[in-house]
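Protein chains in written order, with our numbering: chain V, 1 to 392; chain L, 393 to 671.
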Amino acid sequence: MPDGTIDVSAEFAASYKCLPLHFLVETERRDRKDLHWRSSATAPFGHGSCDARPAIFETLATCGEAWLDMQSSVAQRIPMTSIAVARNVRYHYGNRAALDDVTLSVAAGTLFGLLGPNGSGKTTLFRLLATLIPMQSGELTVCGFDVTTQQTSVRRQLGVTFQSPAVDVRLTVAENLKCHGSIYGLSGAMLNNRVSEMLQQFGILDRRHSIVGTLSGGLKRRVELAKGMMHSPKVLLLDEPTSGLDPRARQEFWELMTAQQKMQGTTIIVATHLMPEAELCDRVLLLDRGRMVAEGTQLELQSRLDGERLTVRLRDASNHLDSLRTMIGGHAELQGDRVTLRASNPAEQIREIIQAFGDQILSLELTKPSLEDVFLELTGRSLSQTGDTNAQ
Amino acid sequence: MPSDPVQFNAVVALTKRELIRFLRQRTRVIGAAGQPIIFWILFGAGLRSSFTAPSWADGLSHPVSYQEYFLPGVAALIVLFTAIFSTISSIEDRRDGFLQGILVAPVSRLSIVLSKLTAGTLLSILQAGLFLLIGPLISAIGLGSPIEVTWSVTRMLMATGFLVLIAAELTALGFIIAWPMNSTQGFHAVMSIFLMPMWLVSGAFFPGGDSGWLSWLIRANPLTYGVAGLRRLLYDTTLPVTAELPSMLACVTVTAIATVTLTLLSAWLVSRRSVHNVT
Chain V
1 MPDGTIDVSA EFAASYKCLP LHFLVETERR DRKDLHWRSS ATAPFGHGSC DARPAIFETL
61 ATCGEAWLDM QSSVAQRIPM TSIAVARNVR YHYGNRAALD DVTLSVAAGT LFGLLGPNGS
121 GKTTLFRLLA TLIPMQSGEL TVCGFDVTTQ QTSVRRQLGV TFQSPAVDVR LTVAENLKCH
181 GSIYGLSGAM LNNRVSEMLQ QFGILDRRHS IVGTLSGGLK RRVELAKGMM HSPKVLLLDE
241 PTSGLDPRAR QEFWELMTAQ QKMQGTTIIV ATHLMPEAEL CDRVLLLDRG RMVAEGTQLE
301 LQSRLDGERL TVRLRDASNH LDSLRTMIGG HAELQGDRVT LRASNPAEQI REIIQAFGDQ
361 ILSLELTKPS LEDVFLELTG RSLSQTGDTN AQ
Chain L
393 MPSDPVQFNA VVALTKRELI RFLRQRTRVI GAAGQPIIFW ILFGAGLRSS FTAPSWADGL
453 SHPVSYQEYF LPGVAALIVL FTAIFSTISS IEDRRDGFLQ GILVAPVSRL SIVLSKLTAG
513 TLLSILQAGL FLLIGPLISA IGLGSPIEVT WSVTRMLMAT GFLVLIAAEL TALGFIIAWP
573 MNSTQGFHAV MSIFLMPMWL VSGAFFPGGD SGWLSWLIRA NPLTYGVAGL RRLLYDTTLP
633 VTAELPSMLA CVTVTAIATV TLTLLSAWLV SRRSVHNVT
């Protein structure tokens, strides 16, 4: 028996507690030399090393006598650097491609944004991750489990909050949480404790006996979220989680979320078309009509565009557009009374604009390009626009 | 996937939810039991004089009134209505988004189906059982002709057991119809052109023993065996086997086979991942 012990650095062990390890055990049978057996085991991390031998023994036990003639076995760790991995994922609704060759990797404990207008395919990707629709082409894993072949294991890792509410409006808050907890295998005192804990954490303790249908939109969302967190999922999937919320409730929601991410180390994947939400994310994937436009941190994405953005609000802006363009010698976008310009030499340009337009100017703002600008310049379309191939 | 394990906790939790939902909607409770009972009283009064008891009733010590004939049929109708109302909830679950939340949970699809069936079955046997128990007393308040059905404990238990089978059968049928649907309106259409006629030609409403094509329809209808089984359990004496009244063995066998088949079909439907499940 070869030594199957794998050394794991303390650093790695600390950041990837409780993740399942995958071992690849290559075996040879007397009559067939090309057979491989893959096995996995959940290893108790934290000691700096973990033993792969149990998995190898299990493999031997499973394979029976035919496998006893094992000539060489190599246990090799396939590191889990990512919580969710997509490789060349494609999805079609009829003839229409909703996802076209999407590849991504979401690191553990991060807040990852899927950003795109309606019809960009983010909801489709979300549904594939949530195991709601079958995979058509490509590979998709969550916590190392394949969404097609190991759907139950994937589902165990996930907490999902949909665009449309999934709470039962006829049940009380507590009944909803209990029902959900039981479905995820909680019971007895543990279930009750967890319900109280969630009610407390999400500030709905005093509403526990209210019928959910009678609550305000913001409170309903909290119930929804408390429900999704009942079973302490490793990964939280959120699809347009704040749609229908007022700005205050929206802000509260994200405060709760980021706290959750920091305290529990939950990985959060959020599909959104809202810029402020995307800006909260550690990394963002920009999607347009099923294609990946760009992926990276906000800073990385912003630095893909050169220069800063100069936004001028003008009286009678449309009439001044042409003269502004000549003055800047470049591209100018008009939206209402706002003209957005690419500023290569802002100090000089601001002076020129002030001289030329004087009191026609309502406001003047110099900013780094936003994700919206990035999206606009990479796709030629604005985020609030609906994709022309829109449906789901 | 019928080979999925059944998670007992999840089935209990989801069943409890269904029961709470149903009981919080009073109109459903009233609708499911009320209409059949009104039918029973009105048809019983209206058809009393024109009703000729079928041949199997000859052996009984008393003449069978229409009200008495109609009794097991009304119980079956209560079961049908309750089963339908409880499975309509799966259309609402889909529309309200609750279903998505369940489908992404690590719960076997068979458990999802079983919770719907358990809830529908429990509610149905409760309402139909109460009706069978109290119904025969109706003549006492002067609303119908005398009914000579007296319950012994044994027959009551047997009737409950048999009601469980019928209720599970009809709930599974309702579920199969409701699952692919997006609106409750569609279900009402199926109700009027398929489920009600099915009930009508089950020997519940009228005997049709020697009526040509109709008698074949009655014999091919699985619900006939449910109604006939209930009818047999009303009486202490064993009724003779006739063209329209199959033997108890046939009743139990056919109903049990239908129940198992429809349940497996439901589980299969739910196990398919499809775009239809997302809202």
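All C-beta atoms in this analysis are idealised placements derived from N, C-alpha and C, irrespective of residue type, glycine included.
1. Just the C-alpha distance for R420 (chain L) and S382 (chain V), rounded to the nearest angstrom, thanks.
2. Which bits of chain V does G489 (chain L) rub up against, with CB to CB less than 7 Å?
3. Tell me where the beta strand (DSSP E) around A107 (chain V) begins and ends.
4. Verify the CB distance criterion: does N401 (chain L) have a CB-CB separation below 8 Å to chain V?
5. For the candidate residues V:E279, V:G244 and V:M190, whose alpha-carbon lies nearest to that of T258 (chain V)?
6. Could you tell me whether the stretch 281-293 of chain V touches the stretch 111-125 of chain V, using the rule of 3 or more Cβ pairs below 8 Å?
7. Please check the pair L104 (chain V) and E295 (chain V), which I expect to be a contact at CB under 8 Å, by giving their CB distance rounded to whole angstroms.
8. Against chain V, with Cβ distances strictly below 8 Å, would M393 (chain L) count as a contact?
9. State the beta-bridge partners of M292 (chain V) as determined by DSSP.
10. Closest to T407 (chain L) by CA distance: which of L:S575, L:T479 and L:I530 is it?
11. Buried or exposed: where does F586 (chain L) fall if 16 or more other Cβ atoms within 10 Å of its Cβ makes it buried?
12. Does Y373 (chain L) come out as helix, strand or coil in the three-state DSSP assignment?
13. Shorter than 8 Å from the beta carbon of S398 (chain V) to some beta carbon of chain L?
14. Give a yes or no on whether the C-beta atoms belonging to V212 (chain V) and D168 (chain V) are separated by under 8 Å.
15. Any idea what DSSP makes of S363 (chain V), helix, strand or coil?
16. Along the stretch 252-277 of chain V, what residues have a CB closer than 9 Å to any CB found in chain L?
17. Kindly confirm or deny that the stretch 454-472 of chain L and the stretch 613-625 of chain L touch, where touching means at least three C-beta pairs closer than 8 Å.
18. Would you check if the distance between the CB atom of M230 (chain V) and the CB atom of M198 (chain V) is smaller than 8 Å?
19. For R664 (chain L), name the three-state secondary structure that DSSP assigns.
20. Quick check: is the beta carbon of I401 (chain V) nearer than 8 Å to any beta carbon in chain L?
21. Could you tell me which residues DSSP puts in a beta bridge with I429 (chain L)?
22. How about Q492 (chain L): is its C-beta nearer than 8 Å to some C-beta of chain V?
23. Using CA coordinates, which residue listed in V:D206, V:Q251, V:A226 and V:I269 is at the minimum distance from V85 (chain V)?
24. Between A588 (chain L) and T653 (chain L), what straight-line distance do the alpha-carbon atoms span, to the nearest angstrom?
25. Go ahead and pull the three-state DSSP assignment for E636 (chain L).
26. Taking CB distances under 8 Å as the criterion, tell me whether M86 (chain V) reaches chain L.
27. Listed from N- to C-terminal order along the chain, which residues in the stretch 495-523 of chain L have their beta-carbon within a distance smaller than 9 Å of any beta-carbon of chain V?
28. CA-CA distance, F357 (chain V) and V374 (chain V)?
29. Would you tell me roughly how many angstroms separate the C-alpha atoms of A564 (chain L) and L371 (chain V), rounded to the nearest one?
30. Do G217 (chain V) and L245 (chain V) have their beta-carbon atoms positioned less than 8 Å apart in this structure?
31. Which word fits P189 (chain V), buried or exposed, when buried means at least 16 other C-beta atoms lie within 10 angstroms of its C-beta?
32. At what residue ranges does the stretch 177-212 of chain V contain a whole run of the alpha helix (DSSP H), taking only runs of 4 or more?
33. Can you pull out the residues from the stretch 411-426 of chain L whose beta carbon lies closer than 7 Å to at least one beta carbon of chain V?
34. Does any residue of chain L have a CB that is nearer than 8 Å to the CB of V106 (chain V)?
35. Rounded to whole angstroms, what's the CA-CA distance from V456 (chain L) to A402 (chain L)? Just pull it up for me.
36. Could you give the DSSP three-state label for R342 (chain V): helix, strand or coil?
The structure says:
1. 48 Å
2. F162, S164, P165 and A166
3. R96 to A107
4. yes
5. V:E279
6. yes
7. 6 Å
8. Here M393 (chain L) scores only 37 on pLDDT, less than 50, and its place in the model should not be relied on; the value that follows carries that caveat. No, M393 (chain L) does not count as interfacial toward chain V.
9. In the DSSP assignment, M292 (chain V) is bridged to V:L287.
10. L:T479
11. exposed
12. Lying before the first or after the last residue shown, residue 373 (chain L) is absent from chain L, which here runs from 393 to 671.
13. Past the boundaries of the shown model lies residue 398 (chain V); chain V is included only from 1 to 392, so the question cannot be answered.
14. yes
15. Correct three-state label for S363 (chain V): strand.
16. none
17. Contact between the stretch 454-472 of chain L and the stretch 613-625 of chain L is present: three or more C-beta pairs spanning the two stretches fall below 8 Å.
18. yes
19. Judged by DSSP in its simplified three-state form, R664 (chain L) adopts coil rather than helix or strand.
20. There is no way to answer for residue 401 (chain V), as the model of chain V reaches only from 1 to 392.
21. Beta-bridge pairing links I429 (chain L) to no other residue.
22. yes
23. V:I269
24. Contrary to the premise, residue 588 (chain L) reads as Met rather than Ala in this sequence. If I take the Cα positions, the gap works out to 21 Å.
25. Reduced to three states, the DSSP call for E636 (chain L) is coil.
26. Note that residue 86 (chain V) is Ala in the sequence shown, not Met. No, A86 (chain V) does not count as interfacial toward chain L.
27. L495, V496, A497, P498, V499, S500 and S503
28. 28 Å
29. 51 Å
30. yes
31. A small fix is needed here, since residue 189 (chain V) is Ala in this sequence, not Pro. With fewer than 16 other Cβ atoms within 10 Å, it is exposed.
32. 188-201
33. I412, R413 and R416
34. no
35. 47 Å
36. strand
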